[in-house]
Structures are given as structure tokens and as C-alpha cells.
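When we follow the numbering used here, the leftmost residue of the sequence shown carries the number 3, and every step to the right adds one.
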Amino acid sequence: MNIDRRHLLLTGTFGLAALSIPGFALGQPSSGFTHSVASGEPGPDTMLLWTRYVPKEGGPAKLRAEVSSTEDFARILSGGELTTGPWRDHTAKITVQGLAPGTRYFYRFVAPDGSFSPVGRTQTLPEGDVRRFGIAIFSCSNLPFGYFNAYAHAAARSDIDLWVHLGDYLYEYAKGGYAPESGAVDGRWPEPVSEMVHLADYRLRYASYRADLDLQALHRLKPMLVQMDDHESTNNSREAGAQNHQPEFEGLWSTRKAAALQAFKEWMPVSETPWGSYDIGGLATLFRTETRLIARSEELGVGALFRTANPAAALAEFRDGALQDPTRTMLGSEQEVWLAHAMARSVRSGRKWQVAQFGTIMGKLRRPEQSLEWLKPDASDSARQSARNSVLASKIGIPADLDGWGGFPASRTRFLGAAQAAGANLLVLCGDSHNAWAFDLARDGKPAGVEFAGHSVTSPGQEGGNATDPKVIAAALIATNPELKWCDTSRRGYMALTLTPERASNDWVFMDTILTRNPAARVGHTAVVQRGRNVMA
């Protein structure tokens, strides 16, 4: 029989397609509560709760959420009801209210037949005087490259109050695309086998990733603030297009972008608002942002400049001209103004830290000349020429990654200027690069904040193309880039940020392995910032 996966997904019944999704072989159901529970975007008295419920007949279903202070649900303190169905891929989100600040709760969903979802735990944000708050920060989790051991390690910790995911929660590529040359680790190929382009593709890819047991445990135990980077839609996406989207083959970008956004809002514990702020009592304000699909300008490229008669002159003209265009934006004017005002309000309120979450790196990063010696002996001629071009561009002052904030210098200057004008104690959290970085951020030669940029959960870093000791690479990168104070280009894991009134401390946690399901890990580096300094100690 011909199995149409899109039809199966749209009708809400996975059927035979479920057998090929990682996790289903471990008992993942194809009907009922298929993907456990999650919570997100907490407030001091509110919480967004998420689940997915598929009736056996595949139609609509009315669900009820229940919240209690005890795991036996002897007393229901809050809740709500919602009807879900195939029009939203059977996912359900209910925001509950009337909760107490800084309090742990248990929650569950009740189906029409009286069955219960797994029980989740969540925790509201505190109010008033907060002496300590722990945040685990993730990015770049590519299923074929290995196990999500970073999620498992973090989930077992008792000193974390909130998860933050900075994007690339999943990847869009077809089977065998962006994956290990030897094939997916233990056959961890996500569905569909094709690249995700249409709404049904995005939905099935989320279903596949969310079947991972370690990811389910993470979501079940703490609330998460999650935002998109590019791979939730496609590589290097922006408002008007993407590097990995060809209209002649994949249709209108607006249609694909809408599908990516819809699936993200269906499958993630997120509200409809694209950005928001979250106060951690009087200790800090976290700023969730959107830097991809709403207003981001097109990424600039310099490839053609190397084919001119005088590449150095062409690069210098680009550096001083097109790269500095003030109309190019990462956030868009509406979000820029909101963020500037929100940071200023946080400072005026007396909150000690202002923590901005972005997808891509903000610190200035150029490629060292020594990097020409790092490549593996069997590197292709094109890889070697690309490295030579990158070194030349870096010598002229062009950032190594034009998809990051380095490719949007006017936007970067406006943001850091707003933080300085507000008198913010700024911490910037970023992902995207798959590697670990610590930057002192400056504007006009004055400290503006500190950036903690996280390594990936599984996606490979620079170690894939280099044969040189990562410590040698790190030393050269630091010597070449004045804002860069520490980096690691070879290990996977997550960050753990601890905030206190006078001190912010960030750990880069390195997993022992991602090739087997093993949560063993260690802290590879710790960076500390004292309040009022805006530089690392």
C-alpha cells in the first residue's frame, strides 16, 4: 500500500509513518498524548502549557489543563480548556493564571475520554528580592549528528530555574544532507526524508525531533524561553528570502516562511508575540528577540569581489560603503525601539542585569592568518581558496561571518549605544556558530556589555575541517580579535548562567560524547562579570 506521510500527518494519525520516527520504537504513541507536555514563557503568576493530543478518529478534541501544587493533584489551583484538532496539528496551548510567584507547580492535561497526559513540572518567575537564578542555554541541535545528551545532563540538575533555547532547535535538510559522512548516529534520521518545505514537512520534522526522549524530559521538567534562528525555516533566512531557498524549485518564499512560522507556533511552548521581556524579580530582565523572519535585511556577500581586478580595493570599498549602510537591520525599527525602551525601563526599575537573547554572534570576529595552516591535509582546493579569501577579507577589516551581527554593524552600534545610554549591565546570549565564545563588547572604545555565545548541542563546529590542536586555534583567534577573551572550537554541550545581584557567572558545559546516549559532562570554562563593569573579570 502507498503511504502518504503528508496525509497521515494532516489527519492526525501517524500510522506506519510513526515507526520510522526516532523515539516511537521506544513506546512513542501514535494517538492519545503523543509528545508529552511542555511549558514556556513564564510570568510571576502565569504560565503557558503545551501538549499534543490525537484522538483515534483523528478529529477535534476538547482538552482541559489542570495545575496543582502537589503531584497527586488533590487540589486544582488553576487550569483552562481548549479545543484542538487537525487545523493546528492537534497541538494545544493554554495560558493559565492565578499562580504564585517563584513557585513550583505540577500540571497535566485531561482528554475527553478521561485519560491524562504525562505530569509536567514548571516554575513561575519570582518577584521581589532574588538572590540567585540559574538558566541553562541551548542552541543548534541536529538529530543525525548524535544524542541530545546536553538536554539530559541539564534536566538532571537542581540548580537551574529556566531553560533558554536560542534557535536551530531542528534542521531542515533532506536525509543525508547536513549530516555525518558515515550516516546518522545510530540511525537518527528525522522524518520526512525530504527537505522540509511545506507545512506538512515542518510538522513532521517537529514530531520527529520532539519524539526524542531527552528532549521530552527537558520540556517536562522546567519552563523554556525559545526563539527561532534560521534552521527552523531554512539556512540563513531573512525577511525576503534565504540562502537555502530557490523559488524556481521550492515556490514562493512567503509561503514557506508562513509554514515555518505556523509549525513553530504549533509545536513550541510559545505565545503569538514575536518578542517579549521577562523580569526575574528585582534581579534581572530577560529579553526574547526575533532576528530572522520579520525584518532582517539580506545578508551581504563578498564572493564576487575576489574575482575583480583588485580584490583588496574592492573589499575596502565594501567595508566602508555597503557594509555600513544604516538601513540594514537585524531587528527592524519597531523591535529596536522596543528593546531600547525595555532595557531603559529595566535599569530604572533597579534590576541588576539586562540579558538580551539573540541567535547569532555579536562579538567582532576576524579570521587569523595562521588559519591557512589549520586545514586538514586532504582539504579541497576550493576549501583552501575560501580560507585564503577569508584571511584577506579579515586583514581588511571584514568580519568572518556576515550572517552574524558583524554583517550588520550599524544595527549593532544602535543596540550597544542604547544599552550604554540606559546604563545597562548588559549580558548578551547567542548561539548559531556551534562553537563557544566569550566576548567583551565595546562601542566607541567604551565597554557596552559581555557576550556569552554557546556551543551546539550536537551540530559540528570548526573541528570538522581542521587538523590543528583546538588550543592553538583558540590562541590565534584570541590574539587576532581584541573583543574575544576565550573560545573553544571543538566540543558540544550547553551553557549554564548563574545570576546573583553582584555577579554573573557563565559555565560552558562540555559533554563527554554525543555518539552514545551518555549524559556525562564537565565544566570546560567559567567566565565571570561583576555588576557595574560590563567586562569580564
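Ideal Cβ positions, reconstructed from N, Cα and C, are used throughout, including at glycine.
From the DSSP output, read off the bridge partner residues of residue i.
i	result
residue 357	288 and 429
residue 501	135 and 506
residue 96	51
residue 110	68
residue 150	Paired residue(s): none; residue 150 is not in a bridge.
residue 85	64
residue 527	510
residue 496	511
residue 453	430 and 441
residue 490	438
residue 35	55
residue 532	505
residue 381	DSSP, once it has assigned bridges, lists no residue as partnering residue 381.
Does the Cβ of residue i have 16 or more other Cβ atoms within 10 Å, making it buried, or fewer, making it exposed?
i	result
residue 184	exposed
residue 400	buried
residue 35	buried
residue 382	exposed
residue 532	exposed
residue 305	exposed
residue 343	exposed
residue 508	buried
residue 261	buried
residue 72	exposed
residue 379	exposed
residue 375	exposed
residue 447	exposed
residue 29	Its pLDDT being 47, under 50, residue 29 is placed unreliably by the model, and nothing is read from it.
residue 161	exposed
residue 315	exposed
Using only the alpha-carbon positions, how far apart do residue i and residue j sit?
i	j	result
residue 436	residue 181	14 angstroms
residue 349	residue 426	6 angstroms
residue 105	residue 149	32 angstroms
residue 471	residue 37	41 angstroms
residue 23	residue 33	Residue confidence for residue 23 is low, a pLDDT of 45 falling below 50, so the modelled location carries little weight; the figure read from the coordinates is stated next. Each residue's alpha carbon lies about 14 angstroms from the other.
residue 345	residue 421	7 angstroms
residue 442	residue 44	30 angstroms
residue 204	residue 90	12 angstroms
residue 330	residue 243	15 angstroms
residue 521	residue 487	28 angstroms
residue 114	residue 55	10 angstroms
residue 402	residue 188	34 angstroms
residue 288	residue 311	48 angstroms
residue 27	residue 212	For residue 27, the predicted model reports a pLDDT of 39, less than 50, meaning its position is unreliable and no value from the coordinates is stated.
residue 389	residue 94	48 angstroms
residue 409	residue 275	26 angstroms
residue 534	residue 178	49 angstroms
residue 512	residue 88	40 angstroms
residue 502	residue 286	9 angstroms
residue 168	residue 496	11 angstroms
residue 284	residue 353	5 angstroms
residue 308	residue 391	7 angstroms
residue 526	residue 256	42 angstroms
residue 85	residue 248	37 angstroms
Taking 7 angstroms as the cut-off, is the C-beta of residue i nearer than that to any heavy atom in the ligand NAP?
i	result
residue 328	For the ligand NAP, the structure offers nothing, since it holds no ligand at all.
Residue ranges of each alpha helix (DSSP H) within the stretch 392 to 451, 4 or longer: You should have 411 to 424.
Cβ contact check for the stretch 460 to 471 and the stretch 483 to 492: 3 or more pairs under 8 angstroms: Yes, since at least three Cβ pairs between the stretch 460 to 471 and the stretch 483 to 492 fall closer than 8 angstroms, the two stretches touch.
Alpha helix (DSSP H) runs contained entirely in the stretch 280 to 335, provided each spans 4 or more residues: 313 to 322
Three or more C-beta pairs below 8 angstroms linking the stretch 140 to 157 and the stretch 106 to 122: Between the stretch 140 to 157 and the stretch 106 to 122 there are fewer than three C-beta pairs closer than 8 angstroms, too few to call the two in contact.
4 or more residues per run - each alpha helix (DSSP H) lying fully within the stretch 151 to 200: Listed in chain order, the complete alpha helix (DSSP H) runs (minimum 4 residues) inside the stretch 151 to 200 are 151 to 157.
Meets three-Cβ-pair contact criterion under 8 angstroms: the stretch 60 to 75 and the stretch 126 to 133: no
Every unbroken beta strand (DSSP E) inside the stretch 210 to 291 [3 residues or more]: Counting only runs of 3 or more, we get 226 to 228, 278 to 282 and 286 to 290.
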